[in-house]
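Okay, so here's the structure we're looking at.
There are 2 protein chains.
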Amino acid sequence: MEFRLIDRIHARTAQVREDVRLGIGDDAALLAVPAGQELAVAIDTLVEGVHFPHGTAPADIGWKALAVNLSDLAAMGATPAWALLALTLPELPAAAQAARVDGLADGFAQLAQAYGVALVGGDTTRGPFTLSVAVHGFVPPGQALRRDGARAGDLVFVTGTLGDAAAGLQRLAPSTDPDEEKRRGFLRARLNRPQPRVAAGLSLRGRASACIDVSDGLLADLGHLCTASAVGAEIEVERLPLSSALLGSCDEAAAHDYALAGGDDYELCFTVPPALAGEVQADLARLGCGATRIGRIVEAPGVRVCGTEGEWLTPARRGWDHFADDAAR
Amino acid sequence: MEFRLIDRIHARTAQVREDVRLGIGDDAALLAVPAGQELAVAIDTLVEGVHFPHGTAPADIGWKALAVNLSDLAAMGATPAWALLALTLPELPAAAQAARVDGLADGFAQLAQAYGVALVGGDTTRGPFTLSVAVHGFVPPGQALRRDGARAGDLVFVTGTLGDAAAGLQRLAPSTDPDEEKRRGFLRARLNRPQPRVAAGLSLRGRASACIDVSDGLLADLGHLCTASAVGAEIEVERLPLSSALLGSCDEAAAHDYALAGGDDYELCFTVPPALAGEVQADLARLGCGATRIGRIVEAPGVRVCGTEGEWLTPARRGWDHFADDAAR
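Top to bottom, those sequences are chains A and B. Letter 299 of the first sequence, counting from 1, is numbered 299 in the UniProt record's numbering, and no numbers are missing. Letter 31 of the second sequence, counting from 1, is numbered 31 in the UniProt record's numbering, and no numbers are missing.
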């Protein structure tokens, strides 16, 4: 079955790249990294019931499995190139299984084609529904965006808006109010079809002092960046970029909670020296994702959140922890 | 939890390689492929209850998760370099979880160190017990061992012995007979601690016309090689290399069945033109794994098995299919 499943996926994700010397069908793929480039590699797993709710459309799952990995490459400023897919599926009647596999492959392929990513290898096994994707990209030596370069005085930015995906997860049921349903549709799309900020990551190369993608929640991920850089950060809650869909579907306090601690945003959180802030922001605006300044890097460790009255807040949650938190999903 | 688990694994698998420019701890690892080498990449998943029985020692699972992937690199004639590990674990009390993670890491690290493989990235999530490992190795352009180069007249070889792992899976319980228990220990070790034939794969570069590793069973995997090469093969059952432990623990017919259709051997099955057979065999003997000629490549498609009286056999099973075969494990 391994071979037929992978063939089925491969047929729907065919992406011709000259640097793929031997693709799917042998014991390993053979690939040529361009001369003078470093290879950026990452792996991420999605588990049914943990990273996506039961009943999620297969095409959304296929998209997201690749998107969360491309987001890791984006956060490094790498150009995506190749992917491997390890797919574990429970038994289903043949027709239902084929429909599921085709759906997964279609969603995966849609995003892969958008970024010219070739699926070069895979493995399919029977078992609980999980997908592990490994991605490979290129970056010129010394130009990768790392977590450890933030310095006190740098400004903290995020792309796009925050909190939408976490709010979408709480609003999976359709609403009878057409306006509310429109908002929910937007929030669910942010949950199910995250847009990896690849172009933003490339634009930040050589300019951002540090970068991370927001997968576990802003406070958690900015905390990782600060720890790696041996600095701290102060965030102003009223600067958090919030979508109108989010603001329309809950009160402001809940929106702030989603934005600070909600996972699955897959926006980039990055730091830049103040002198570069204007040009970086203008470039990201031209790319369509925009970037909002939300705070600054300080010497004292930890991430602190400043409220609308200038007071320090104590957020109820710091972030998502898929592994420890039984109730989160 | 993701970070602590991966740190724990990383601490036990630290392997210094100059080509790892940035290892675990950022959104992606940064790696330098040596100039003039192609990159060989593969991914394989192990699922509890499918690829290893419940109750398997964590160190054996960690070893095997890397071994089955290094076997893919061996089958390409690639030199192993880097690995990514995506680990999904069900909840356990903290002490038991730590013991399991440490066991997994120890087994993984033992094999990684033997081959100088650096763990450069990972992901840990909560969910059903599965491990996906992606491996990366190097091979000079044009020298990889592929599946599609076998030609009629080539001789078919396998390294080591066949059928031990499948027999070991059927003999997990200890025996009260010390001789039988010694045999079972050998067979179980072949199941739990497969030795990837990396040195054999390197030795075969530029000489074997085709190569595959025996993971699903000889008939199935040789069948894949033949399909890729648009040829067929004839195997002589009495030439199958069988260990004394296997022969001592079952009758000859069962031993042949294990050797022909048993999975998890992780030996290399390869083809060579007759003129090179002697020197290839001598070189593999010097490497300690040995290689046995078991048949030859023919023009007619399919894999046929010739019995001890010269008759054509119809094997009961063709191989393991983890995905389709509910009862196999």
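The C-beta atom is built at its ideal place from N, Cα and C for all residues, glycine as well.
For A:Ala-81 and B:Ala-228, the rounded distance between their alpha carbons
26 angstroms
Among B:Arg-293, B:Arg-286, B:Ala-199 and B:Gly-302, which has the Cα closest to the Cα of B:Gly-223?
The residue with the shortest Cα to Cα distance from B:Gly-223 is B:Gly-302.
Between A:Ala-327 and chain B, is there a C-beta pair that is closer than 8 angstroms?
Note that A:Ala-327 has pLDDT 30, beneath the 50 cutoff, so the model's placement of it is unreliable and the number below is only indicative. Not an interface residue.
Under the three-state DSSP convention, the category B:Ala-324 falls into
Note that B:Ala-324 scores a pLDDT of 39, beneath 50, so its modelled location is shaky; the value from the coordinates is reported in the next line. DSSP places B:Ala-324 in coil when its eight states are reduced to three.
Strictly below 8 angstroms CB to CB, what residues from chain B border A:Glu-234?
Neighbours of A:Glu-234 on chain B: none; closest Cβ ~23 angstroms, over 8 angstroms.
From A:Leu-187 to A:Ala-99, what distance separates their C-alpha atoms?
Put simply, the backbone Cα of A:Leu-187 is about 26 angstroms away from that of A:Ala-99.
Sheet register partners of B:Asp-213 (DSSP bridge)
B:Leu-268
Chain A beta carbons: is any one of them nearer than 8 angstroms to that of B:Ile-24?
no
For B:His-322 and A:Leu-30, what's the separation of their Cα atoms in angstroms?
Bear in mind that the predicted position of B:His-322 carries a pLDDT of just 44, short of 50, making it unreliable; the figure below should be weighed with that in mind. A direct Cα-Cα distance of roughly 26 angstroms separates B:His-322 from A:Leu-30.
Name, please, each residue of chain A whose Cβ falls closer than 8 angstroms to the Cβ of B:Asp-102.
Within chain A, no residue comes near B:Asp-102; the closest Cβ sits about 16 angstroms away, beyond 8 angstroms.
So what's A:Val-33 in DSSP terms, helix, strand or just coil?
coil
Beta carbon of A:Leu-246 nearer than 8 angstroms to that of A:Gly-160
no
Quick check on the burial criterion: 16 or more other C-beta atoms within 10 angstroms. Buried or exposed for A:Gly-51?
Checking the sequence, you will find His at residue 51 of chain A rather than Gly. With 16 or more Cβ atoms within 10 Å of its Cβ, A:His-51 is classed as buried.
Residue-chain proximity (B:Pro-58, chain A), Cβ-Cβ < 8 angstroms
no
Should A:Gln-15 and A:Ala-112 be called a contact, given that it needs their Cβ atoms to be closer than 8 angstroms?
yes
Whose Cβ in chain A lies nearer than 7 angstroms to the Cβ of B:Pro-315?
None at all; the shortest Cβ gap to chain A is about 19 angstroms.
Could you tell me which of A:Asn-192, A:Gly-168 and A:Arg-193 sits nearest to A:Glu-181, measuring between CA atoms?
A:Gly-168
Judging by CA-CA distance, which residue of B:Pro-315, B:Gly-36, B:Asp-257 and B:Gly-278 is the nearest neighbour of B:Arg-207?
Among B:Pro-315, B:Gly-36, B:Asp-257 and B:Gly-278, the Cα nearest to that of B:Arg-207 belongs to B:Gly-278.
Neighbour-count burial assignment, A:Asp-154, 16 or more Cβ in a 10 Å radius
buried
Could you tell me which residues DSSP pairs with A:Trp-82 in its beta bridges?
DSSP, once it has assigned bridges, lists A:Ala-118 and A:His-136 as partnering A:Trp-82.
If we define contact as Cβ-Cβ less than 8 angstroms, is A:Ser-132 a contact residue for chain B?
Contact of A:Ser-132 with chain B is assigned, a C-beta pair being separated by under 8 angstroms.
In three-state DSSP terms, what is B:Phe-129?
coil
What is the DSSP secondary structure of A:Val-156, reduced to helix, strand or coil?
strand
Taking the DSSP output, what are the residues bridged to A:Trp-312?
A:Cys-306
A:Gly-77, DSSP secondary structure in three states:
coil
The alpha helix (DSSP H) spanning A:Val-41 covers which residue range?
That residue, A:Val-41, is in no alpha helix (DSSP H); its beta strand (DSSP E) goes 38-47.
I need the boundaries of the beta strand (DSSP E) containing A:Val-16, first residue and last residue.
Per DSSP, A:Val-16 belongs to no beta strand (DSSP E) and is neither H nor E.
Select from B:Asp-7, B:Ala-230 and B:Thr-125 the residue whose C-alpha is nearest the C-alpha of B:Ala-300.
B:Ala-230
What three-state label does DSSP hand B:Val-298 in the structure shown?
Here B:Val-298 sits in strand by DSSP.
Output needed for B:Ser-209: all residues of its chain with C-beta closer than 7 angstroms, excluding positions within five of it in sequence on either side, in chain order.
Gly-149, Ala-150, Arg-151, Asp-154, Thr-271, Val-272 and Pro-273
Are the Cβ atoms of A:Leu-89 and A:Phe-129 separated by less than 8 angstroms?
Between A:Leu-89 and A:Phe-129, the C-beta spacing is below 8 angstroms.
Run down chain D in chain order and give the residues with a C-beta less than 8 angstroms from the C-beta of A:Val-50.
Structure shown: chain D not included; protein chains present are A and B.
Spatial neighbours of residue 330 of chain A within its chain, please: C-beta separation below 6 angstroms, excluding the five flanking residues on both sides.
Because chain A is modelled from 1 through 329, residue 330 of chain A falls outside the range shown and cannot be assessed.
Where A:Gly-122 meets chain B, residues with beta-carbon distance less than 8 angstroms
Ile-43
Could you give the first and the last residue of the continuous alpha helix (DSSP H) run that contains A:Gly-201?
198-204
Can you have a look at A:Thr-45 and say buried or exposed, based on whether 16 or more other CB atoms are within 10 angstroms of its CB?
buried
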